[in-house]
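Going down the list, the protein sequences come from chains A, B, C, D, E and F.
Residues -5 to 159 (our numbering) are what the first sequence spells out, left to right.
Residues -5 to 159 (our numbering) are what the second sequence spells out, left to right.
Residues -5 to 159 (our numbering) are what the third sequence spells out, left to right.
Residues -5 to 159 (our numbering) are what the fourth sequence spells out, left to right.
Residues -5 to 159 (our numbering) are what the fifth sequence spells out, left to right.
Residues -5 to 159 (our numbering) are what the sixth sequence spells out, left to right.
In this text, a Cβ means the ideal position worked out from N, Cα and C, and glycines have one as well.
Structure first, then comments.
There are 6 protein chains.
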Amino acid sequence: MTRRPAEGRALSHVDASGAARMVDVSAKAETARTARAAGAIRMSGDALALVRENRVAKGDVLSVARIAGIMAAKRTSELVPLCHPLPLSSVVVDLQLDEALPGVRVEATVATTARTGVEMEALTAVSVALLTVYDMVKAVDRGMEIGPVMLLEKAGGAGGPWSRA
Amino acid sequence: MTRRPAEGRALSHVDASGAARMVDVSAKAETARTARAAGAIRMSGDALALVRENRVAKGDVLSVARIAGIMAAKRTSELVPLCHPLPLSSVVVDLQLDEALPGVRVEATVATTARTGVEMEALTAVSVALLTVYDMVKAVDRGMEIGPVMLLEKAGGAGGPWSRA
Amino acid sequence: MTRRPAEGRALSHVDASGAARMVDVSAKAETARTARAAGAIRMSGDALALVRENRVAKGDVLSVARIAGIMAAKRTSELVPLCHPLPLSSVVVDLQLDEALPGVRVEATVATTARTGVEMEALTAVSVALLTVYDMVKAVDRGMEIGPVMLLEKAGGAGGPWSRA
Amino acid sequence: MTRRPAEGRALSHVDASGAARMVDVSAKAETARTARAAGAIRMSGDALALVRENRVAKGDVLSVARIAGIMAAKRTSELVPLCHPLPLSSVVVDLQLDEALPGVRVEATVATTARTGVEMEALTAVSVALLTVYDMVKAVDRGMEIGPVMLLEKAGGAGGPWSRA
Amino acid sequence: MTRRPAEGRALSHVDASGAARMVDVSAKAETARTARAAGAIRMSGDALALVRENRVAKGDVLSVARIAGIMAAKRTSELVPLCHPLPLSSVVVDLQLDEALPGVRVEATVATTARTGVEMEALTAVSVALLTVYDMVKAVDRGMEIGPVMLLEKAGGAGGPWSRA
Amino acid sequence: MTRRPAEGRALSHVDASGAARMVDVSAKAETARTARAAGAIRMSGDALALVRENRVAKGDVLSVARIAGIMAAKRTSELVPLCHPLPLSSVVVDLQLDEALPGVRVEATVATTARTGVEMEALTAVSVALLTVYDMVKAVDRGMEIGPVMLLEKAGGAGGPWSRA
Chain A
-5 MTRRPAEGRA LSHVDASGAA RMVDVSAKAE TARTARAAGA IRMSGDALAL
45 VRENRVAKGD VLSVARIAGI MAAKRTSELV PLCHPLPLSS VVVDLQLDEA
95 LPGVRVEATV ATTARTGVEM EALTAVSVAL LTVYDMVKAV DRGMEIGPVM
145 LLEKAGGAGG PWSRA
Chain B
-5 MTRRPAEGRA LSHVDASGAA RMVDVSAKAE TARTARAAGA IRMSGDALAL
45 VRENRVAKGD VLSVARIAGI MAAKRTSELV PLCHPLPLSS VVVDLQLDEA
95 LPGVRVEATV ATTARTGVEM EALTAVSVAL LTVYDMVKAV DRGMEIGPVM
145 LLEKAGGAGG PWSRA
Chain C
-5 MTRRPAEGRA LSHVDASGAA RMVDVSAKAE TARTARAAGA IRMSGDALAL
45 VRENRVAKGD VLSVARIAGI MAAKRTSELV PLCHPLPLSS VVVDLQLDEA
95 LPGVRVEATV ATTARTGVEM EALTAVSVAL LTVYDMVKAV DRGMEIGPVM
145 LLEKAGGAGG PWSRA
Chain D
-5 MTRRPAEGRA LSHVDASGAA RMVDVSAKAE TARTARAAGA IRMSGDALAL
45 VRENRVAKGD VLSVARIAGI MAAKRTSELV PLCHPLPLSS VVVDLQLDEA
95 LPGVRVEATV ATTARTGVEM EALTAVSVAL LTVYDMVKAV DRGMEIGPVM
145 LLEKAGGAGG PWSRA
Chain E
-5 MTRRPAEGRA LSHVDASGAA RMVDVSAKAE TARTARAAGA IRMSGDALAL
45 VRENRVAKGD VLSVARIAGI MAAKRTSELV PLCHPLPLSS VVVDLQLDEA
95 LPGVRVEATV ATTARTGVEM EALTAVSVAL LTVYDMVKAV DRGMEIGPVM
145 LLEKAGGAGG PWSRA
Chain F
-5 MTRRPAEGRA LSHVDASGAA RMVDVSAKAE TARTARAAGA IRMSGDALAL
45 VRENRVAKGD VLSVARIAGI MAAKRTSELV PLCHPLPLSS VVVDLQLDEA
95 LPGVRVEATV ATTARTGVEM EALTAVSVAL LTVYDMVKAV DRGMEIGPVM
145 LLEKAGGAGG PWSRA
């Protein structure tokens, strides 16, 4: 059965006629805002062993993915059509090997002082870091799976804090 | 227990000293190549109902995500540090609502005639299309999960075809 | 006959020696500013009929052009050499079929809180939206004409409001 | 009265379901292709006098606009969503003062060896060169009008040559 | 002999574990900041004579390099991975022929009101202006040398002013 | 005394009227081409000691600079106005600490199969890698000097090989 959307709710990025729009944040206050997102890529044990070995040597797979994530966060508004261009005051991208997965886990935290939040910047950083791991490992394992990528928490702004239950 | 990488295997994007590098494809033949990738975003039934309703009206959520995916495929080499810049001859991004998920499914197919493949372009198109859906729906559901994003198949090039088992 | 420029007037983007420069806005106040621009593309009646039919179906020609306009507004400072990079708080791009033209009319409204105005962002959004319509329709009509593209009004900043007579 | 589109014609950038797509050019031959486009910006006689005077001094307004046009041609596929990224072998942008208009005329010629044409690159070069003139002159004349921008001719490719009647 | 780093000093762009990070400037005040950088390119006397002659005619070599420097300053955060994206309020790039070098000297001054400084923007403007001179002159002299490129002074921010001794 | 340019020589990137242009390479053959460039950054012994220590730990300063250089090579045609956009088949960026300088040395080698060479790509990779080292080390030494940056050799194309004497 098909559920009806909740009473009075509407997609913020679509106007009354159904057309896409950038949400107008002119009237919002410029406040400190942060967002934290996480994601993972699952790979074969053999592939993970190669990444681990590389890290012992020089750490380049994880280093490259971290840099890619940081740089992607800064370009979020070029990729996601209705995102606002924002000055970012901090982007941290952390990658960890996870033997149990097996694979790599990524977490990104982004901060700004602006009229809108940085959830998309954090999610973009995670997604591009994971794509970069895929790129560097794909010659040994094309079957890797990226995800789940999700928001962990956000803070700042009129909407108040949110965190994943 | 920690597995050792398979004998004689190595990460193609890392040189003997462990440093990151772009793989040299100078000696490869310029051949027709395609790649197909897929992904999904899971959301609440309420959020999906809003997307479905919007599609009936004008289809903008899915339209915007499709355009974002196509445009992102063209910029893959700017995002993924060791990817080669390639001319693309075709990018198709298809989005479908999935009531059972509930959520949206994305599939991208990319083609080129070049010295290297377009797996990363297809995966990037899928990832950015899903990020765009997240962006447009996040005001009604911040808990959405992106993934799994994966390669379905590739063809062309010396390595021969590959498809997900 | 060649008119002399008005007494005491000079091009703001050129210094005393005639060299191009970005205008220094350091001393200006950060205030709310908006700009609205419009433009049109004239095409054959047959071409317009195809666009109209497409709109009835899914609206993609106009949707794609709207997204292209919004995204281009955000990249104005990369395209127009002496424009300042600005955070934008709102970009709205509206497209309408005009049977009398015949063709498509575009209007863009951009808002920011910054030290300089957003006229160029509004004009860039209109221009790229029109280029996108041209691209999607060109296989049926290469003779289309883009223009006139013009500023309709601006508000905010020390210069005060301006509107087309 | 509303005309019906010509029998059997369809928008190449829209698939059977009405969704936007990049045209698949995989099967097309890589051939030499050129396109030439033109446009103009109309301004007050006073504004034109300032541009003319600047040209006598150092030529920066026209120089900056020419560079902006050349650089924009190279980024066409980032701006126009369904354009193919192409290697360009030549971009020429020429600007002339036109006392009779009064204003500035721009002509751009682009060449490539590729699977698709460069009409959009030529039109984008013209449009961005004109936007740049607008930007540099706007402090003395906000009422300037950009257009008409149009394709003059194209050559190369299976479709054969086309030129404006 | 290998010196040990000074007591208590550390690289600001590397965290305690040695991983790269963007410095968090959230807690810094938004203040007016400027930076001035300089650089040079040394070429043969014959090459310089061609540049000088071109300048007399229309000044395009220096004009193009100036525009390239201004535009590059605006894209610094896309090029230098750990730089913050900043709104810039002014970018001035000045080029001078230097017969004694022989070659071209470049100086760039950048201003912003932001939470971090614009040294990298000034240095990037200088570097890209010099690369552009190299590009335009390389057909007559491939042996040109770029450098030294250095910061001349900075002002604003908690760190106080700095200028080259 | 001012030398006159050599008989019959002219700047390839400037037309007969002195205006800037992209060189037309349509008639050139698509051949394998490579270029190798080098550069250095000189810093205090203390600053170098910090970079060396970081390398022992995780190597991030050099890793980040290498990635920045590789990514910049791919964007050369966006930065240097008259460069042709090219597909690159290989970019290698190597960084070495030099105790004697003291500082860091960078070498970049770029390869393509195209109608024009990749000298600018190699020089851009070196320049941006050096800017990135500056950025990461500037908090401990603002007086660092970048340069000389120079072409070491090029091969391929009608002009034949060239190497620094």
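For LYS52 (chain E), which residues of its own chain have a beta-carbon under 6 angstroms away from its beta-carbon, when the five flanking residues on both sides are left out?
For LYS52 (chain E), the pLDDT reaches just 49, beneath the cut-off of 50, and the residue's location in the model is therefore unreliable, leaving the point undetermined.
I want to verify the contact list: residues of chain E whose CB lies under 8 angstroms from the CB of ALA75 (chain A), in sequence order.
As written in the sequence, residue 75 (chain A) is Pro, which differs from the Ala given in the question. By Cβ distance, chain E contributes nothing, its closest Cβ being about 18 angstroms from PRO75 (chain A), past 8 angstroms.
Of the listed residues F:SER11, F:VAL8, F:GLY33, F:VAL74, nearest to MET138 (chain E) (C-alpha basis)
The residue among F:SER11, F:VAL8, F:GLY33, F:VAL74 with its C-alpha nearest the C-alpha of MET138 (chain E) is F:GLY33.
By how many angstroms is the C-alpha of GLY97 (chain A) removed from the C-alpha of SER155 (chain D)?
Note on identity: in this sequence residue 155 (chain D) is Pro, with Ser being the wrong assignment. Their Cα atoms are separated by approximately 54 angstroms.
Residues that THR103 (chain F) bridges to, as DSSP identifies them
The secondary-structure analysis by DSSP pairs THR103 (chain F) across a beta bridge with F:ARG30, F:VAL86.
Here's the rule I'm using: 16 or more other beta-carbon atoms within 10 Å means buried, otherwise exposed. How should SER157 (chain F) be labelled?
Burial call: exposed.
Residues in its own chain within less than 7 angstroms of HIS78 (chain B) by CB, not counting five upstream and five downstream?
Counting only residues of its own chain and dropping the five nearest sequence neighbours on each side, HIS78 (chain B) has a CB closer than 7 angstroms to the CB of MET16, VAL19, SER71, THR110.
Any beta carbon from chain A within less than 7 angstroms of VAL54 (chain F)'s own beta carbon?
The question names Val, but residue 54 (chain F) in the sequence shown is Asp. Closer than 7 angstroms to some Cβ of chain A, the Cβ of ASP54 (chain F) qualifies, so yes.
In the DSSP assignment, find the beta strand (DSSP E) that holds LYS148 (chain F) and state where it starts and stops.
Run containing LYS148 (chain F): 143 to 149, per the beta strand (DSSP E) assignment.
How many Å lie between LEU145 (chain C) and VAL134 (chain D) at the Cα?
So the alpha carbons of these two residues sit roughly 14 angstroms apart.
The region 52 to 64 of chain B in contact with the region 115 to 126 of chain B per 3-pair CB rule at 8 angstroms:
Yes, they touch.
Against chain F, does MET65 (chain D) count as a neighbour if the rule is that its beta carbon must be under 7 angstroms from one of theirs?
Closer than 7 angstroms: yes.
Check each candidate in C:ASP40, C:THR126, C:VAL87 and name the one with the smallest Cα separation from ALA29 (chain C).
ALA29 (chain C) has its Cα closest to that of C:VAL87, out of C:ASP40, C:THR126, C:VAL87.
Verify whether the separation of the beta carbon atoms of LEU82 (chain D) and THR106 (chain D) is less than 7 angstroms.
Taking a C-beta distance under 7 angstroms as the contact criterion, LEU82 (chain D) and THR106 (chain D) qualify as a contact pair.
Going by CA-CA distance only, name the one from E:GLU147, E:VAL55, E:GLY153, E:GLY151 that's closest to ALA159 (chain E).
For ALA159 (chain E), the closest of E:GLU147, E:VAL55, E:GLY153, E:GLY151 by C-alpha to C-alpha distance is E:GLU147.
Please tell me whether VAL58 (chain E) has its Cβ less than 7 angstroms away from any Cβ of chain D.
At least one chain D Cβ lies under 7 angstroms of VAL58 (chain E).
Straight-line CA distance for LYS132 (chain F) to THR103 (chain A)?
In a straight line, the C-alpha of LYS132 (chain F) is about 24 angstroms away from that of THR103 (chain A).
Tell me which residues of the region 102 to 136 of chain F have at least one Cβ-Cβ distance to chain D shorter than 9 angstroms, keeping chain order.
From the region 102 to 136 of chain F, only ALA108, ARG109, THR110 have a Cβ closer than 9 angstroms to chain D.
Measuring only between beta-carbons, confirm whether ARG158 (chain B) sits less than 7 angstroms from chain F.
No, because no Cβ of chain F sits closer than 7 angstroms to the Cβ of ARG158 (chain B).
Can a CB atom of chain B be found closer than 7 angstroms to the CB of LEU95 (chain F)?
By the rule that beta-carbons nearer than 7 angstroms mark a contact, LEU95 (chain F) does not touch chain B.
Are the Cβ atoms of ASP54 (chain A) and VAL85 (chain B) separated by less than 7 angstroms?
No, the pair does not count as a contact, with Cβ atoms beyond the cut-off.
On the DSSP letters alone, give me the boundaries of the alpha helix (DSSP H) that MET16 (chain B) sits inside.
Per DSSP, MET16 (chain B) belongs to no alpha helix (DSSP H) and is neither H nor E.
Using a C-beta cutoff of 7 angstroms, does SER84 (chain D) count as contacting chain B?
It does not: the Cβ of SER84 (chain D) has no partner Cβ on chain B nearer than 7 angstroms.
Looking at the strands, I want to know which residues DSSP matches up with VAL98 (chain C).
C:ILE35, C:LEU91.
Beta-carbon separation (whole angstroms), LEU42 (chain A) vs LEU89 (chain A), contact threshold 8 angstroms:
That pair is no contact at about 12 angstroms.
Report yes or no: is there a C-beta of chain G within less than 7 angstroms of the C-beta of PRO81 (chain B)?
No chain G appears in this structure, whose protein chains are A, B, C, D, E and F.
To be precise: take each residue of the region 4 to 19 of chain D, compare its Cβ to all Cβ atoms of chain B, and keep it if any distance is under 7 angstroms. Which residues remain?
Answer in chain order: ALA13, ALA14, ARG15, MET16, ASP18, VAL19.
Give the range of the alpha helix (DSSP H) segment to which ALA116 (chain D) is assigned.
113 to 131 is the span of the alpha helix (DSSP H), which, as asked, contains ALA116 (chain D).
Would a check of beta-carbon distances place ILE35 (chain C) closer than 7 angstroms to chain A?
By this cut-off, ILE35 (chain C) is not an interface position.
In chain E, which residues lie with their C-beta within 7 angstroms of the C-beta of ALA29 (chain A)?
Within chain E, not a single residue places a beta-carbon under 7 angstroms from that of ALA29 (chain A); the smallest gap is close to 13 angstroms.
Same chain, Cβ closer than 6 angstroms to SER38 (chain B), neighbours up to 5 away in sequence not counted:
So the list reads ASP135, once near-sequence residues are dropped.
What does LEU91 (chain D) touch in chain C if you count any residue whose Cβ is under 7 angstroms from its own?
Going along chain C, no residue has its Cβ under 7 angstroms from LEU91 (chain D), so there is no contact; the nearest lies around 10 angstroms.
Determine whether the beta carbon atoms of GLY150 (chain F) and ARG36 (chain F) lie at a separation below 7 angstroms.
Taking 7 angstroms as the cut-off, the beta carbon of GLY150 (chain F) is found no closer than this to the beta carbon of ARG36 (chain F).
Under 7 angstroms between C-beta atoms of VAL74 (chain A) and THR126 (chain B)
Their beta carbons are under 7 angstroms apart, which means VAL74 (chain A) touches THR126 (chain B) by this criterion.
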